[in-house]
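Q: Its first residue numbered 14, the sequence shown is counted upward by one per residue in our numbering.
So that we are looking at the same thing, I have put the structure below in structure tokens.
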Amino acid sequence: MNIVTRVLAFLLLLEGILSCNPSTDEKKEEAKSMTKFVYDLAQPAETYVLPKELKEISGVAFYAENQLLCVQDEDGEVFVYDLTQQKITESHRFGPRGDYEGIEKIGDEIYVLQSNGTLFNFKLGNKETREIETGLPGKNDVEGLTYDFGTKRLWLAVKEASKKAAKDDDKVIFSFDLKSRRVFTERELKAKQFDQVGLKGKNWKDFKPSDIASHPKTGELYLLSSAGHRLVIFSAGGVPLKNIDLDPKQFRQPEGICFTPDGTLYISSEGDGKDGYILKFDPLKEADN
């Protein structure tokens, strides 16, 4: 074997090694992360039936111990729901009637997401509200909102993306930097990525994110879809890990998802003609061992 042949052989070998490393890393990340899915979604720890003000609940967020922030999609008002007392203990009007879809709390600042991508920022008890235009590309139907501590940005999940933002059946997750007021494309969710978790064909087309939440301990991303009744979980690095069919009898119209700092999971559903409600899921005890 002459020197040229040896060099070519070495380069081909090196290319093969480098091309294999990402998939190996992804498999390691997937195997490590999969052990952290610790919720039995068939067995909620508690069910909270909501008052008429939240019949159309569209977003939920952690506020304080035993308290959640709730917004409904027809009125510019935020409610504090006390889980212990099982009632609304505080409300705050921040804007006019509109299509409000997501809510998040950062420090003492609250952000509410309108379906056109506009954010409303305020503090409870303060009459001043800032209206923030995010400037997302194209006209998107935006429904999910969460705060990512890694990037220190708000992440916005799009139910239906415009052709300017996505191609064909791609889904998009944007992020918005609160300091620079810049928009970033954080995740381009392409159909072929989800074959490994069995999400394809009609199920993929019906997968239209209604909310998004970042797990406080693992950094995993939980993407909820009311359409198709589905929950998809990604690793912190963006690898699809799990695709869960949600029982439509239990999750009538799941529109909101959030975590408490200790990892307790809450999923809210609109009433769909009945009362709205919130389901609580505690992490399984064996996950701590």
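Using N, Cα and C, we set each Cβ at its ideal position, and we do this for glycine too.
Kindly indicate which three-state DSSP category V84 falls into: helix, strand or coil?
A: DSSP places V84 in strand when its eight states are reduced to three.
Q: Under a three-way DSSP split, which group does V171 fall into?
A: Note: V171 maps to strand in three-state DSSP.
Q: If you follow the beta strand (DSSP E) that K118 is in, where does it begin and where does it stop?
A: Segment Y113 to I119, the beta strand (DSSP E) holding K118.
Q: Do the stretch 58 to 78 and the stretch 141 to 153 touch if we need at least three Cβ pairs shorter than 8 Å?
A: They do not touch, by the three-pair rule.
Q: Determine the direct distance from the alpha carbon of A170 to that of L297, and round the result to whole angstroms.
A: Going from the Cα of L297 to the Cα of A170 covers about 28 Å.
Q: Closer than 7 Å by C-beta to E122: which residues in its own chain qualify, once you throw out the five before and the five after it? Chain order, please.
A: So the list reads N134 and K136, once near-sequence residues are dropped.
Q: Here's a check: name, in chain order, each residue in its chain whose Cβ is nearer than 7 Å to the Cβ of E39, leaving out the five neighbours to either side.
A: For E39, the predicted structure reports a pLDDT of 47, less than 50, and the residue's modelled location is therefore unreliable. The matter cannot be settled from this model.
Q: From Q328 to G269, what distance separates their C-alpha atoms?
A: Outside the displayed span of the chain (14 to 302) sits residue 328, for which this structure offers no information.
Q: What did DSSP end up calling V51 once you bin it into helix, strand or coil?
A: DSSP places V51 in coil when its eight states are reduced to three.
Q: Whole angstroms is fine: what's the gap from N302's alpha carbon to N139's?
A: Because N302 carries a pLDDT of 47, less than 50, the predicted location of this residue cannot be relied on, and no value is offered for it.
Q: To the nearest angstrom, report how far apart P222 and D275 are at their CA atoms.
A: For P222 and D275, the distance between alpha carbons rounds to 24 Å.
Q: Between the alpha carbons of I119 and D258, how many angstroms are there, rounded?
A: Cα-Cα distance, rounded: 31 Å.
Q: Alpha carbon to alpha carbon, how far is F189 from F315? Give it in angstroms, no decimals.
A: Within the shown structure, residues of the chain are numbered from 14 to 302, placing residue 315 beyond reach of any answer.
Q: Please state whether DSSP places D295 in a helix, a strand or coil.
A: If DSSP states are grouped into helix, strand and coil, D295 belongs with coil.
Q: What residues in its chain sit with their C-beta under 6 Å from that of F75, if we drop five residues either side in the sequence?
A: So the list reads C271 and T273, once near-sequence residues are dropped.
Q: On the CB-based measure, 16 or more other CB atoms within 10 Å of its CB, does R106 come out buried or exposed?
A: Exposed is the call here.
Q: Let's see if you can read the secondary structure: which residues bound the beta strand (DSSP E) around K203?
A: From DSSP, K203 is part of no beta strand (DSSP E); its letter is neither H nor E.
Q: Helix, strand or coil for L191, going by three-state DSSP, please let me know.
A: L191: coil per DSSP, three-state reduction.
Q: Grab the span of the beta strand (DSSP E) containing K221 for me, first residue to last.
A: Counting along the chain, the beta strand (DSSP E) containing K221 begins and ends at K221 to S227.
Q: If you compare alpha carbons, which of G250, D183 and E87 is closest to G115?
A: The option with the nearest alpha carbon to G115 is E87.
Q: How big is the Cα-Cα spacing for S73 and L82?
A: First, the amino acid is wrong: residue 73 is Val here, not Ser. Going from the Cα of V73 to the Cα of L82 covers about 6 Å.
Q: In chain order, what are the residue ranges of uninterrupted alpha helix (DSSP H) at least 4 long that sit wholly in the stretch 141 to 171?
A: If we require 4 residues or more, the stretch 141 to 171 turns out to have no alpha helix (DSSP H) run fully inside it.
Q: May I ask which residues mark the beginning and end of the beta strand (DSSP E) holding N134?
A: L132 to F135 is the extent of the beta strand (DSSP E) around N134.
Q: Work out the CA separation of G157 and R166 for me, nearest whole Å.
A: When rounded, the distance between both Cα atoms is 14 Å.
Q: Kindly list the residues whose CB is nearer than 6 Å to the CB of S239, restricted to its own chain and excluding five residues on each side of it in sequence; keep chain order.
A: Within the same chain, S239 has close Cβ partners S223, Q266, P267 and E268.
Q: Rounded to whole angstroms, what's the CA-CA distance from L202 to K287? Just pull it up for me.
A: The alpha-carbon atoms of L202 and K287 are separated by roughly 33 Å.
Q: CB-CB under 8 Å to T60, same chain, minus the five flanking residues each way: which ones, in chain order?
A: Answer for T60: Y290, I291, L292 and K293, listed in chain order.
Q: In the DSSP assignment, what are the bridge partners of H105?
A: V91.
Q: Between which residues of its own chain and M47 is the CB-CB distance below 8 Å, once the five residues before and five after are set aside?
A: In this prediction, M47 has a pLDDT of 47, which is less than 50 and means its spatial position is unreliable; nothing more can be read from the coordinates.
Q: Can you name, in chain order, every residue of its own chain whose Cβ lies under 8 Å from the Cβ of R195, other than the five neighbours on each side?
A: The answer, listed in chain order, is F189.
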